[in-house]
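Participant:
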Amino acid sequence: MLDHYSQPEELLADDSFLSWYFKTGEGEAGAWEEWMAADARNKALALQAVELLELTRLPERKIPAEQIRQASDRLLAGIADAAKGSRRLPFNGWGRMMAAACLLVVLVTGVLLYRAYRSHAAEIRTEYGQLGEQLLPDGTEVTMNANSRLKYMPGWQAGADREVWVSGEAFFHVVKTPEKSRFIVHLEDCDVIVTGTRFNVVNRPGHENIMLQEGAVMLHASDGKELNLRPGDFVIVGKKGLEKISARPDSLMAWKDRRLFFYNTPLPELVNVVYDQYGVRLHLADDSTAKKTVTGILRNNNLEELLKTLEMTKEFEVIGKEDSGGITIVARPGSN
0 MLDHYSQPEE LLADDSFLSW YFKTGEGEAG AWEEWMAADA RNKALALQAV ELLELTRLPE
60 RKIPAEQIRQ ASDRLLAGIA DAAKGSRRLP FNGWGRMMAA ACLLVVLVTG VLLYRAYRSH
120 AAEIRTEYGQ LGEQLLPDGT EVTMNANSRL KYMPGWQAGA DREVWVSGEA FFHVVKTPEK
180 SRFIVHLEDC DVIVTGTRFN VVNRPGHENI MLQEGAVMLH ASDGKELNLR PGDFVIVGKK
240 GLEKISARPD SLMAWKDRRL FFYNTPLPEL VNVVYDQYGV RLHLADDSTA KKTVTGILRN
300 NNLEELLKTL EMTKEFEVIG KEDSGGITIV ARPGSN
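Note that numbering that gives the first Met the number 0 numbers the sequence shown so that position 178 is 177, with each residue one more than the last.
#1: Does residue 133 pass the burial test, meaning 16 or more other C-beta atoms within 10 Å, or should it be called exposed?
#2: By how many angstroms is the C-alpha of residue 286 removed from the C-alpha of residue 292?
#3: Just confirm the distance between the C-beta atoms of residue 146 and residue 167, as a whole number of angstroms; I'd bet it's less than 8 Å.
#4: Can you tell me the Cα-Cα spacing of residue 234 and residue 242, whole angstroms?
#5: Could you give the first and the last residue of the continuous beta strand (DSSP E) run that contains residue 311?
#6: Considering only the alpha carbon of each residue, which of 270, 311 and 246 lies closest to residue 281?
#7: What is the DSSP secondary structure of residue 252, counted as helix, strand or coil?
#8: In three-state DSSP terms, what is residue 227?
#9: Three or more C-beta pairs under 8 Å: does that hold for the region 242-261 against the region 214-221?
#10: Give the secondary structure of residue 330 by DSSP, where H, G and I count as helix, E and B as strand, and everything else as coil.
#11: Using only the alpha-carbon positions, how far apart do residue 42 and residue 13 sit?
#12: Three or more C-beta pairs closer than 8 Å, one from the region 294-307 and one from the region 149-166: is that the case here?
#13: Who are residue 142's beta bridge partners in DSSP?
#14: Can the beta-carbon of residue 329 be found closer than 8 Å to that of residue 314?
#15: To the nearest angstrom, how far is the alpha carbon of residue 264 from that of residue 236?
#16: Under 8 Å, do residue 122 and residue 148 count as touching if we go by C-beta distance?
#17: With H, G and I counted as helix, E and B as strand and the rest as coil, what does DSSP make of residue 155?
#18: Rounded to a whole number of angstroms, what is the C-alpha to C-alpha distance between residue 208 and residue 184?
#19: Tell me whether residue 127 is buried or exposed, calling it buried when 16 or more other Cβ atoms sit within 10 Å of its Cβ.
#20: Excluding the five sequence neighbours on either side, which residues of its own chain have a C-beta within less than 6 Å of the C-beta of residue 193, listed in chain order?
#21: In the DSSP assignment, the alpha helix (DSSP H) including residue 14 goes from what residue to what residue?
#22: Which whole-angstrom value is the C-beta distance of residue 31 and residue 16, which I expect to be below 8 Å?
#23: Give me whichever residues DSSP pairs with residue 11 in a beta bridge.
#24: Hey, would you say residue 211 sits closer than 8 Å to residue 231, going by beta carbons?
#25: Confirm, please, whether the CB-CB distance from residue 283 to residue 266 is below 8 Å.
#26: With DSSP as the reference, label residue 262 as helix, strand or coil.
#27: Buried or exposed: which applies to residue 143, given that a residue is buried once 16 or more other Cβ atoms fall within 10 Å of its Cβ?
#28: Taking 8 Å as the cut-off, decide whether the C-beta atoms of residue 260 and residue 296 are in contact.
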């Protein structure tokens, strides 16, 4: 049976609540869900606690829940020992609330300092339907696909790591430095570590992958696993971790020539590609249309050209326009 709580800080000091929030404990979810459902005040209190916890979470990098739990335990233990010498006291009541408050202050302060540091980062971005090329301070060439962002801290020092954060899709030609310093590309669940090479990365919601064209790279996943890549290797980052699969490099790199390469690609996947590229959500007329696949090379100069190319396959009809409230794709009768 859960204790009675009146302040969100009390929840932050409860290991069971933290296990529920970080999803590290079995059997915790049901009890806390029932507790919140039983009383609107309980739910409001839990939401306040979650809001405080969210302030301490950095979207740029995912920290394993077990690491967070261990760090929290060490900090709480240190606070207890500091308060009463070497004698440890149980965390309950006021003492537990004070420990939670101290933990929150430390975490939030760290987050604020980190965000202040990152606020000075340089940013390169492309808009929907736009490709972009840029030289980074070390001479590295980067080509960015539509709807993409790249951040880095200016003032790279000789011999120090060169770090960039990518959201979207980008192709890198990394130059080697005399000191052979590392070039690190941070994705959502993986870091790409190189010294000098050519490779492509995708970091979009639900899609994270790396394709090596030339040289060698090492991938470091958020779970600690590492994988070395050779030219031609293609790796997706998903629920199974780092997974190397076969792929056609020419199809993966077609976007640089404003082309989209499809081979038996489900139509819903094309819908997702269009949304990533142009920010426009296409509609599929019915379930039978959604089951269709696309094979071919579609021009990607702009959305209108892409849709015209799709219609030229004679398998689909495009109804409506972007400025008319929606675009619907309909499979033509008799199409395979």
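Note that CB positions come from ideal geometry on N, CA and C, so glycine has one too.
Facilitator: In short, the structure shows the following:
#1: exposed
#2: 12 Å
#3: 6 Å
#4: 5 Å
#5: Premise fails: residue 311 lies in the alpha helix (DSSP H), 302-311, not in any beta strand (DSSP E).
#6: 270
#7: coil
#8: strand
#9: no
#10: strand
#11: 16 Å
#12: no
#13: 132 and 170
#14: no
#15: 20 Å
#16: yes
#17: coil
#18: 12 Å
#19: exposed
#20: 173, 182 and 216
#21: 14-21
#22: 7 Å
#23: BP columns for residue 11 are empty, so no partner.
#24: yes
#25: yes
#26: strand
#27: buried
#28: yes
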